[in-house]
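Protein chains: 2
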Amino acid sequence: MGVTAARGFRAAGVTAGIKASGTPDLALVVNDGPSLAAAGVFTSNRVKAAPVLWSQQVLKGGLVSAVVLNSGGANACTGPLGFQDTHATAEKAAEALTLNAGEVAVCSTGLIGERLPMAKLLPGVEQAAAALSADGGEAAAIAIKTTDTVHKTAAVTVDGWTVGGMAKGAGMLAPGLATMLVVLTTDAQVDSAGLDAALRAATRTTFDRIDSDGCMSTNDTVLLLSSGASGTVPDPDAFAEAVRAVSADLARQLIGDAEGASKDVRIDITGAATEDDAVEVARTVARNNLLKCALHGEDPNWGRVLSAIGTTAAAFDPDQLDVAINGVWVCKGGQTGDDRSLVDMSAREVVITADLHAGTAEATVWTNDLTADYVHENSAYST
Amino acid sequence: MGVTAARGFRAAGVTAGIKASGTPDLALVVNDGPSLAAAGVFTSNRVKAAPVLWSQQVLKGGLVSAVVLNSGGANACTGPLGFQDTHATAEKAAEALTLNAGEVAVCSTGLIGERLPMAKLLPGVEQAAAALSADGGEAAAIAIKTTDTVHKTAAVTVDGWTVGGMAKGAGMLAPGLATMLVVLTTDAQVDSAGLDAALRAATRTTFDRIDSDGCMSTNDTVLLLSSGASGTVPDPDAFAEAVRAVSADLARQLIGDAEGASKDVRIDITGAATEDDAVEVARTVARNNLLKCALHGEDPNWGRVLSAIGTTAAAFDPDQLDVAINGVWVCKGGQTGDDRSLVDMSAREVVITADLHAGTAEATVWTNDLTADYVHENSAYST
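Protein chains in written order, with the working numbering: chain A, 1 to 383; chain B, 1001 to 1383.
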């Protein structure tokens, strides 16, 4: 059910004709209230798509009544006219639903640098408005797919209230955030400040710690909308944990569907002096192309883990580094440890653990292997 | 001629049996003087191979009488015993040539985390000492190849003195430095301090600005040895330029032979506020896997250039960015510029130019595309 798992929300996904493939490409999520409280986090890329610039303005008011999302075009690097296109999209949704356009967020995903086909997109908004339903969450999740092979939804219910959501993203997965659009909804009664706190805490350790290919998007948007329709004010910790759990579920689904990947790789850094050190080391290991190739070849090449760690500024002594691959400590004290032939890497999920022996902080980053399929998919994306 | 282009040097390359392939794997370069002045730069990776730790000590004395180089094993992450192996290698060369072991530099390249087969390597040093000749530069360059498809040498002669050199490196090419071993020689009369200044200036804009795959090695070493055999004290600027020219030539050869690459890509950043900004932007663009895939597909996907630039801390306004690919300004003012169909990317060399419009500083970084062949080669390297 995704975004319609929580009460007070309707959604739809339709085919507006933006994508040449003729598959669904426009989604609409509407909050029927009584509350319209919302929070959002956006890409930290300084080159931001028009819908990001627009939605950041909308979120400053702390209220979102509807979200329009399209696949088939990112509307990034499109200048003032691209921004006008986003504005017109919000106005069209506001007109169709009798809302305030200043409370309509817009998200786009697809190729950078091309204008959206507004003659198709605007009628699509009307079509989606007419198709809204309280079980439209799946259709909406399907309509935001780009190179995703499956649509992604998740939900948890706690003490009479629910947090649900949908996500898309398969390439350009890197923190800050990934090339992802995520809409989370809840019927718990939480104000904008409470939503913002829960959302930032959740994204920091979930969406911000998946790093499929080190490439940061211009369009990343994660929204959290509250309808308050459950009539229940949740315990803040329980609410934060529910938002984190749904975010972690969706983040794991994103890594599992990354473009061309054959391995989902969890990198656990332990024994770090600080959490920042642990994240820096984990991310550096996650981005090492040579290691990612070795993982693809099911080669427990721990030398590439050490050479990656060696490029960071984290506190560690090279002669104290321990590295395990799928539980086998193939490197102990910076040199050869247990027999690498004991490592079984045949499963899709691989766990790399590195103990820095410099403290008690830790962090986990998820990544993928690097494959010929990734190269093929991304060498032919725009042409 | 490479390292024997300058007078006062002899070299050899032999097959010691370190490599399973049975190809040459041990090189020796000897400086017959009268000067033994030398300088060196080494990997900035904090995980350093035993030969790097050894040679750094040797270079502190400013004198190098011989360099032993082996392919077939990096002797990195091998602990105290690995360091003893390097020491024994220097001692063997000193014994064979009646030199001081403290003036014998050692370089190794190959797989990380495995001890060298000393029972083969030490007799190889004796064999190489017996094979030394004043035209052995080619044989030495051949013996240091790993995944290199061709050996790399270069030389320039100016006013009666010569700078020559050899290089190896095909993967793990990233700054600070790449996975490269380079030995430069000169018969000009320059003391250690003068060699050091010229070498650091040269590597800063050549070997440090090739970034094939963003992966930094544990073994990188660039040495510059002077025999003084020309009897000529060169003009310092002319000498620095000769060292830079030979370094640039070898660096370009390394990029041209990078593992699996089908494109050599020059990234020129102009209009930067500072040279550091220009280098940061160039390097970030060079490391963007999605862009590297697009280059492989001959797709002038400038959106991926902008999304990479947007992740840097350099000074720029997103609405002022101009990007050209092979001379066609496909992005102007942060949005679509000239027709991308005008871009011809069929040649192996591709030039990406980005003007930040934030100042007058500039920098160039070389990289390669990302290919299925790179994945194949590096997913099967150690197993």
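Note that beta-carbon positions come from the ideal geometry of N, C-alpha and C, so glycine has one too.
Problem - Sequence-distant residues of its chain with Cβ nearer than 6 Å to cysteine 1077/B (five each side left out) - result: Correct list, in chain order: Ile1112, Gly1113.
Problem - Coil, strand or helix - glutamine 1189/B by DSSP - result: DSSP places glutamine 1189/B outside both helix and strand once states are collapsed to three, so it counts as coil.
Exercise for the section: May I have the straight-line CA-CA distance separating glycine 17/A from leucine 116/A, to the nearest angstrom? Expected result: So the two alpha carbons sit approximately 11 Å from each other.
Practice task
For chain A, find out if any of its Cβ atoms is closer than 8 Å to the Cβ of glycine 985/B; answer yes or no.
Solution key: Residue 985/B lies beyond the residue range present for chain B, which begins at 1001 and ends at 1383; the question has no answer from this structure.
Exercise for the section: Determine contact between the segment 231-240 of chain A and the segment 91-106 of chain A, defined as no fewer than three beta-carbon pairs at a distance below 8 Å. Expected result: Touching, no.
Practice task
Pick out whichever of Ala27/A, Ala354/A, Thr98/A, Thr206/A has its Cα sitting closest to the Cα of valine 246/A.
Solution key: Each of Ala27/A, Ala354/A, Thr98/A, Thr206/A was checked against the Cα of valine 246/A, and the nearest Cα belongs to Thr206/A.
Problem - Exposure label - glycine 384/A; buried when at least 16 CB within 10 Å - result: For chain A, the structure presents residues 1 to 383; residue 384/A sits outside this window and is missing.
Practice task
Could you please tell me which residues of the segment 1044-1056 of chain B, in chain order, have their CB closer than 9 Å to any CB of chain A?
Solution key: Those residues of the segment 1044-1056 of chain B that come within reach of chain A (Cβ to Cβ, closer than 9 Å) are Ser1044, Asn1045, Arg1046, Val1047, Lys1048.
Handout entry: Delimiting residues of the alpha helix (DSSP H) encompassing methionine 118/A
Key = Counting along the chain, the alpha helix (DSSP H) containing methionine 118/A begins and ends at 118-131.
Problem - Bridge partner(s) assigned by DSSP for tryptophan 1161/B - result: Residue pairing of tryptophan 1161/B in beta bridges, as defined by DSSP: Val1158/B.
Exercise for the section: Report yes or no: is there a C-beta of chain A within less than 8 Å of the C-beta of alanine 1294/B? Expected result: It does; some Cβ of chain A falls within 8 Å.
Exercise for the section: Output the distance between the C-alpha atoms of leucine 26/A and glutamine 127/A, rounded to the nearest integer angstrom. Expected result: One C-alpha to the other measures close to 9 Å.
Exercise for the section: Under 7 Å between beta-carbons, which chain A residues line up against methionine 1216/B? List them in chain order, please. Expected result: Near methionine 1216/B (Cβ distances below 7 Å), the residues of chain A are Ser307, Thr311.
Problem - Residues of the segment 1057-1091 of chain B with Cβ closer than 8 Å to any Cβ of chain A, in chain order - result: For the segment 1057-1091 of chain B, the set of residues with a beta-carbon nearer than 8 Å to any beta-carbon of chain A comprises Ala1074, Ala1076, Cys1077, Thr1078, Gly1079, Gly1082, in chain order.
Problem - valine 350/A versus arginine 283/A: straight-line alpha-carbon distance, rounded - result: Cα to Cα, the separation comes out at about 16 Å.
Handout entry: Selection of the segment 1242-1256 of chain B by Cβ proximity to chain A, strictly under 7 Å
Key = The segment 1242-1256 of chain B vs chain A, Cβ under 7 Å: nothing.
Problem - Among Val29/A, Lys19/A, Val365/A, the one whose alpha carbon lies nearest that of glycine 72/A - result: When C-alpha distances from glycine 72/A are compared across Val29/A, Lys19/A, Val365/A, the shortest belongs to Lys19/A.
Problem - Pair within 8 Å by beta-carbon distance, threonine 1353/B and alanine 1313/B - result: Taking 8 Å as the cut-off, the Cβ atoms of threonine 1353/B and alanine 1313/B do not count as close.
Handout entry: Beta-carbon proximity of leucine 1181/B to leucine 1069/B, cut-off 8 Å
Key = Yes. Within cutoff.
Problem - Secondary structure of lysine 1092/B, DSSP reduced to three states - result: In the three-state DSSP reduction, lysine 1092/B falls in the helix class (H, G or I).
Practice task
Determine the closest residue to histidine 1151/B out of Cys1331/B, Gly1333/B, Gly1256/B, with distance taken between C-alpha atoms.
Solution key: Comparing alpha-carbon positions, the option among Cys1331/B, Gly1333/B, Gly1256/B lying closest to histidine 1151/B turns out to be Gly1256/B.
Handout entry: Contacts that aspartate 339/A makes with chain B (C-beta to C-beta distance below 8 Å)
Key = Within 8 Å Cβ-Cβ: nothing; aspartate 339/A doesn't reach chain B, min ~12 Å.
Exercise for the section: Measure the C-alpha to C-alpha separation of leucine 1184/B and alanine 1258/B and round it to an integer number of angstroms. Expected result: Cα to Cα, leucine 1184/B sits roughly 21 Å from alanine 1258/B.
Exercise for the section: Would you check if the distance between the CB atom of glycine 271/A and the CB atom of glycine 160/A is smaller than 8 Å? Expected result: No, Cβ-Cβ distance for glycine 271/A and glycine 160/A is not below 8 Å.
Exercise for the section: Select from Leu1295/B, Ala1240/B, Leu1290/B, Asp1249/B the residue whose C-alpha is nearest the C-alpha of valine 1265/B. Expected result: Among Leu1295/B, Ala1240/B, Leu1290/B, Asp1249/B, the Cα nearest to that of valine 1265/B is on Leu1295/B.
Handout entry: Short CB-CB distance (under 8 Å) between alanine 1315/B and chain A
Key = Interface residue (Cβ-Cβ distance to chain A less than 8 Å): alanine 1315/B is not classified as such.
Practice task
Starting from the N-terminal side, write out each stretch of the alpha helix (DSSP H) that is 4 residues or longer and does not extend beyond the segment 201-264 of chain A.
Solution key: DSSP assignment within the segment 201-264 of chain A yields the following whole alpha helix (DSSP H) runs of 4 residues or more, N-terminal first: 236-256.
Exercise for the section: Go to isoleucine 144/A, then tell me how far its beta strand (DSSP E) extends in each direction, as first and last residue. Expected result: Per DSSP, isoleucine 144/A lies in no beta strand (DSSP E) and is assigned neither H nor E.
Handout entry: Beta-carbon separation (whole angstroms), glycine 1136/B vs threonine 1004/B, contact threshold 8 Å
Key = The C-beta distance from glycine 1136/B to threonine 1004/B rounds to 6 Å, short enough to fall under 8 Å.
Handout entry: Residue burial classification, glycine 22/A (beta-carbon count within 10 angstroms, cutoff 16)
Key = The residue is exposed, with fewer than 16 neighbouring Cβ atoms inside 10 Å.
Exercise for the section: Measure the CB-CB distance between valine 1279/B and leucine 1291/B and report whether it falls below 8 Å. Expected result: The answer is no: Cβ separation not under 8 Å.
Exercise for the section: For arginine 348/A, name the three-state secondary structure that DSSP assigns. Expected result: In the three-state reduction of the DSSP assignment, arginine 348/A falls in the coil class.
Exercise for the section: Taking only runs that begin and end inside the segment 15-68 of chain A, name each unbroken alpha helix (DSSP H) of 4 or more residues, in chain order. Expected result: Within the segment 15-68 of chain A, the complete alpha helix (DSSP H) runs of at least 4 residues are 50-60.
Practice task
Indicate whether threonine 1043/B and aspartate 1211/B have their beta-carbon atoms separated by less than 8 Å.
Solution key: In this structure, aspartate 1211/B does not lie closer than 8 Å to threonine 1043/B by Cβ.
Practice task
Indicate the three-state DSSP secondary structure (helix, strand or coil) for asparagine 368/A in the structure shown.
Solution key: When secondary structure is reduced to three states using DSSP, asparagine 368/A falls in the strand class.
Practice task
Would you please verify whether the beta carbon of cysteine 1107/B is less than 8 Å from any beta carbon of chain A?
Solution key: Cysteine 1107/B is outside the set of residues whose beta carbon lies under 8 Å from a beta carbon in chain A.
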